[in-house]
Amino acid sequence: MTKNPPPRRTAICRKFRRTNCRLCSYLCGLTATIENGRIINLVPDPTRYPYDASAVLGCRRFHSNLEFLDHPKRVNTPLKRVGRRGSDQWVRLDWDQALDEIADRLSGLKEQYGPETLATSIGGPHTTFWPLHRFMNLFGSPNNLGIGQICWNPSIWVNSLTFGWPIENEIDTERTSCAILWGVNPAESDNSIFWRSVQNYSRAGRKLIVIDPRRTRTAARADHWLAPRPGTDSALALGFLHVIIREELYNAPFVEDWCHGFDLLGDHVAPYTPAHVEHVTGIPAADIETVARCYATLGPATIFHGRGIDQIGPNSLQTHRALACLKAITANIDRQGASLLSDMPEFVAEIDLELTDRLPQQQRAKQLGSDRLQLQTYAGYERLTELTSRHGKRLPARYLTSAQPNLVWRAMIDSKPYPIRSLVVSGSNPLLSQADAGLIHQALHSLDLLVALDLFRSPTAMLADYILPMAGSLERPVLQTNAGVANIAYGGPAAIAPLYERRCDFDFWRGLGIRMGQEADWPWQTFEESLDSIVAPLGLDWKGFCETGLYSPEPAYRKHEQKTGNECLGFATSSGKIELYSELLSELDSSPLPSYVPVATRTDAFPLTLITGGRKQPYWASSFRQLESLRKTPQVPQAEVSAETAAALGMSDGQAITVATPYGATCFTLKIVGMLSWVVNVDYGWWYPEQDAAEPHLGGMWLSNANLLTSAGFEDCDPLIGQWTYNGIPCRVEAAENTSGKSQDNHDMANIH
Ligand SMILES: Nc1nc2c(c(=O)[nH]1)N[C@H]1C(S)=C(S)[C@@H](COP(=O)(O)OP(=O)(O)OC[C@H]3O[C@@H](n4cnc5c(=O)[nH]c(N)nc54)[C@H](O)[C@@H]3O)O[C@H]1N2
Ligand SMILES: Nc1nc2c(c(=O)[nH]1)N[C@H]1C(S)=C(S)[C@@H](COP(=O)(O)OP(=O)(O)OC[C@H]3O[C@@H](n4cnc5c(=O)[nH]c(N)nc54)[C@H](O)[C@@H]3O)O[C@H]1N2
Ligand code: SF4
Ligand SMILES: [Mo]
1270 MTKNPPPRRT AICRKFRRTN CRLCSYLCGL TATIENGRII NLVPDPTRYP YDASAVLGCR
1330 RFHSNLEFLD HPKRVNTPLK RVGRRGSDQW VRLDWDQALD EIADRLSGLK EQYGPETLAT
1390 SIGGPHTTFW PLHRFMNLFG SPNNLGIGQI CWNPSIWVNS LTFGWPIENE IDTERTSCAI
1450 LWGVNPAESD NSIFWRSVQN YSRAGRKLIV IDPRRTRTAA RADHWLAPRP GTDSALALGF
1510 LHVIIREELY NAPFVEDWCH GFDLLGDHVA PYTPAHVEHV TGIPAADIET VARCYATLGP
1570 ATIFHGRGID QIGPNSLQTH RALACLKAIT ANIDRQGASL LSDMPEFVAE IDLELTDRLP
1630 QQQRAKQLGS DRLQLQTYAG YERLTELTSR HGKRLPARYL TSAQPNLVWR AMIDSKPYPI
1690 RSLVVSGSNP LLSQADAGLI HQALHSLDLL VALDLFRSPT AMLADYILPM AGSLERPVLQ
1750 TNAGVANIAY GGPAAIAPLY ERRCDFDFWR GLGIRMGQEA DWPWQTFEES LDSIVAPLGL
1810 DWKGFCETGL YSPEPAYRKH EQKTGNECLG FATSSGKIEL YSELLSELDS SPLPSYVPVA
1870 TRTDAFPLTL ITGGRKQPYW ASSFRQLESL RKTPQVPQAE VSAETAAALG MSDGQAITVA
1930 TPYGATCFTL KIVGMLSWVV NVDYGWWYPE QDAAEPHLGG MWLSNANLLT SAGFEDCDPL
1990 IGQWTYNGIP CRVEAAENTS GKSQDNHDMA NIH
């Protein structure tokens, strides 16, 4: 067993090592001072990405790295459950023994129920997921679930089927003249380089528009702040299209040459007059006209989006489609200062690491939900790949075919359409981050085998049969490749070898794979060796790559105009143009033009509208609640409302309240902020690692868990990719007698769900 050893008095051996912070996906470049094998200091490395020491120093998580590295709550050895599930009784075992036992149990389950009985759960980009996908493809299960449907997938699907490939939005003080930040709040969710770019851009006097029901710190910087009713964004975007087309503010030559279905779009948006859109969204018609004119006439113009529009159920994909049409008809596509149509990576792409071609057809057909979903299926993916391949590009498959989570939880509980008996959770904490925590709790208790790969005993890990200790920030190399949808890679080496018995996720999947007959497909002994082969096409090995830690060649714009013989390259779509009218969606019998799906109406029982998860520094989803230095502020989970709403409810700032939806109830502390009235925003990810880990408490996960208020019921999801709703749920608020989100006795609260 190794440990970050105490400093010695004599024979000091001091080294400086390049490394990277891993406490969010910026992977900021750092220099570690290492004395006798122990990290004693960390400073930003201004020679490496993000090249700005002050941005790193301004990040609260950066300062918590050493606290994180050897925190007393870290899991340091493999653990096996000995008591009842959730009783928090464990024995230690070594890695080989843990892997042998897990492999044995998985083999038995596979034999009894087929490979589809194994599911995996992934979360945000906390770790490298291709080894998990590779294992699952070779094992034969299509049932990975994640949060892609409500984070990332919508824009990847929509931009690929509209433009032929994903895009990157750009903001540039020199070039961009109008920027719309739509349902995104970088003041809290970024607080780093992107937020600085937004601030610099607005200080330079460029036009900034923010579309958000809350007057966030980002919105406070805007020239125009539009506050739509949650979930009505596609109607707003259709209103902008209406004004731009009616007033002929679009780029006519670009539309003529490069857009498919413009006349149909014009007819389609005719009913979305500013007056009608005001009625739907609550935004004054004059503001809709003003913003539409700014966007169309001040070019280059850019639109960034965030979770505000990724998480609005059936309206999400439609909003993305409408945004894509806005970018297209104003020629703000593949244009510097507006957006870049990305390139396929020159290094080894995720699709070639995950080995989806090895998942047999009959197993693909077992993907839960594929009988109803039109896009987020293997058939949908293959149809899209036919198009992107025209330009020699292939998207990663596993994220775009991940199973709809609600169906996976249900198959664990009722074995329909077949039993899912085992789950490996990696880099995710579904009890806090997936919709309907009560259902998930029941599902996890139904399993024969639950394995958690984590750094801490999260509430989900507390229910596991085995917990495997993962190496984290500073202990493992990192490489971010945006899942292979762009020609950009960045990262760097570990500062030290993993402490105690911690290992990388890669080591788990390789170790398990070898035990399950996959040896030939795991040619690399270590994660570093796999990184060597990933960067090899760049003429580098991993060590060479780490010198700069960045591969980001100068991009080319206007690629559709490049000549291939006598023809222009165009776009990788059926028509070769940007598809305002989507031929692929039409073939799938889905609306080929962006539409608006009326949002759920409030009722007497639920007279307010709930949005969940507006980010706050320094937390990240359910992570970092263990770190004392970060828990100082904010200390309590908050539910935000406007002063008008509070007055109407007869409530005051700081009051303990219960928020209830048709799905459940949980507690928060009321906070009055500037935002649209009759809307409530609650924090998500709150639990209390300092509280009892055993059932029924599970670290206080029932106290203030936003996902007791949400549902991903398949029947209500978007029919294209299966998105559920985190923003726009009817709710009510009541005074919680003698309680606050934090101090309420967990036992009572456990009964609320
Ligand atoms: N209501 C509501 N729910 C939401 C959202 C919302 O806005 N509202 N947002 C959604 C979004 S966008 C996202 S991305 C998800 C995020 O949800 P998750 O990705 O589930 O995020 P966390 O809750 O932080 O859980 C991450 C877990 O991974 C562990 N971890 C960190 N590094 C590693 C590693 O290297 N290896 C392994 N194996 N584990 C590691 C952490 O300790 C932690 O327990 O939440 C979603 N859920
Ligand atoms: N500190 C911190 N940073 C994070 C994270 C974290 O947990 N904590 N999570 C990371 C992850 S996984 C992600 S995906 C990103 C997310 O980054 P963002 O998208 O910037 O995150 P949010 O705070 O969810 O911002 C969404 C905004 O949308 C608004 N909104 C809610 N409903 C609607 C709606 O119906 N319409 C519109 N137009 N707006 C709406 C909310 O008020 C909120 O201000 O942040 C990342 N960064
Ligand atoms: S947590 Fe802060 S320092 Fe660490 S990578 Fe993210 S922005 Fe950089
Ligand atoms: Mo996310």
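The working numbering puts the first residue of the sequence shown at 1270, with every later residue one more than the last. Glycine included, each C-beta is placed from N, C-alpha and C at the ideal position.
Asked: If you draw a straight line from the alpha carbon of Ala1301 to that of Glu1798, how long is it in whole angstroms?; Found: 23 Å
Asked: DSSP three-state label for Lys1284, please.; Found: strand
Asked: Is Tyr1953 close to chain C? Criterion is C-beta to C-beta, closer than 8 Å.; Found: Absent from the structure: chain C. Only one protein chain is present.
Asked: Would you call the region 1384 to 1398 and the region 1946 to 1954 in contact, with 3 or more CB pairs under 8 Å?; Found: no
Asked: Taking DSSP as the reference, what is the three-state secondary structure of Arg1604?; Found: strand
Asked: In the DSSP output, which residue or residues are listed as bridge partners for Gly1933?; Found: Thr1930
Asked: Ends of the beta strand (DSSP E) at Ser1844?; Found: Ser1844 -> no beta strand (DSSP E), and no H or E assigned at all.
Asked: Gly1997 to Thr1930, Cα distance in whole Å?; Found: 11 Å
Asked: Can you name, in chain order, every residue of its own chain whose Cβ lies under 7 Å from the Cβ of Ala1637, other than the five neighbours on each side?; Found: Checking the sequence shown, residue 1637 turns out to be Leu, not Ala. Result list for Leu1637: Asn1412, Ala1672, Gln1673, Leu1676, Val1677, Ala1680, in chain order.
Asked: What is the rounded straight-line gap between the Cα of Arg1690 and the Cα of Asn1976?; Found: 23 Å
Asked: What's the call for Arg1403, buried or exposed, on a 16-neighbour Cβ count within 10 Å?; Found: buried
Asked: Is it right to say Ala1280 is buried, meaning 16 or more other beta carbons lie within 10 angstroms of its own, or is it exposed?; Found: exposed
Asked: Quick test of your reading: Cys1297 and Val1325, contact by CB under 8 Å. State the CB separation rounded to the nearest angstrom.; Found: 5 Å
Asked: Going by beta carbon distance, what residues of the same chain come within less than 6 Å of Gly1551, once the five residues before and after it are set aside?; Found: Arg1498
Asked: Could you tell me if His1548 is buried or exposed, where buried requires 16 or more neighbouring beta carbons within 10 angstroms of its beta carbon?; Found: exposed
Asked: Can you tell me which of the three DSSP states Lys1901 falls into?; Found: coil
Asked: Could you compute how far the alpha carbon of His1545 sits from the alpha carbon of Thr1501?; Found: 12 Å
Asked: Between Gly1919 and Ala1521, what straight-line distance do the alpha-carbon atoms span, to the nearest angstrom?; Found: 54 Å
Asked: With hydrogens ignored, establish whether the beta-carbon of Leu1296 is closer than 7 Å to any heavy atom of ligand 3.; Found: yes
Asked: Return yes when the Cβ of Ser1973 is within less than 8 Å of the Cβ of Thr1927, no when it is not.; Found: no
Asked: So if DSSP puts Met1739 in a beta bridge, which residue, or which two residues, is it bridged to?; Found: Arg1772
Asked: Under a three-way DSSP split, which group does Asp2014 fall into?; Found: Note that Asp2014 scores a pLDDT of 39, beneath 50, so its modelled location is shaky and nothing firm can be said.
Asked: Does DSSP classify Met2024 as helix, strand or coil?; Found: For the chain, the structure presents residues 1270 to 2022; residue 2024 sits outside this window and is missing.
Asked: Among Asp1985, Trp1359, Arg1329, Lys1284, which one has its Cα closest to the Cα of Leu1732?; Found: Trp1359
Asked: In three-state terms, what does DSSP make of Arg1663?; Found: coil
Asked: Quick one: what does DSSP say Thr1431 is sitting in, helix, strand or coil?; Found: helix
Asked: If you compare alpha carbons, which of Gln1907, Gln1787, Glu1437, Asn1406 is closest to Ser1608?; Found: Glu1437
Asked: Taking C-beta to C-beta, are Leu1246 and Leu1368 nearer than 8 Å?; Found: Past the boundaries of the shown model lies residue 1246; the chain is included only from 1270 to 2022, so the question cannot be answered.
Asked: Under the rule that 16 or more other beta-carbon atoms within 10 Å means buried, what is Asp2014, buried or exposed?; Found: Summary for Asp2014: the model assigns pLDDT 39, below 50, so the residue's position carries little reliability, and this model does not support an answer.
Asked: If you count every other CB in all the chains shown that lies within 10 Å of the CB of Lys1832, and 16 or more means buried, which is it?; Found: exposed
Asked: Here's the rule: buried if 16 or more other CB atoms are within 10 angstroms of the residue's CB, otherwise exposed. What is His2016?; Found: For His2016, the predicted model reports a pLDDT of 34, less than 50, meaning its position is unreliable; a value from the coordinates is still stated below. Classification of His2016: exposed, given that the 10 Å Cβ count is below 16.
Asked: Between the Cα of Lys1476 and those of Thr1571, Leu1507, Leu1656, Leu1407, spot the shortest distance and give me the residue it belongs to.; Found: Thr1571
Asked: Going by Cα to Cα distance, which pick from Glu1623, Leu1624, Gly1649, Asp1621 is closest to Ala1634?; Found: Gly1649
Asked: Can you grab the Cα-Cα spacing for the pair Met1270 / Arg1771, in whole Å?; Found: Model confidence at Met1270 stands at a pLDDT of 46, short of 50, so the residue's coordinates are unreliable; what they give is reported in the following sentence. Between Met1270 and Arg1771, the C-alpha separation is close to 10 Å.
Asked: Quick check: the Cα distance between Leu1592 and Ile1308, rounded to an integer number of angstroms?; Found: 47 Å
Asked: If we call anything under 8 Å between Cβ atoms a contact, is Asp1598 one with Leu1348?; Found: Sequence inspection shows Ile at residue 1598; the Asp mentioned does not correspond to that position. Their beta carbons are not under 8 Å apart, which means Ile1598 does not touch Leu1348 by this criterion.
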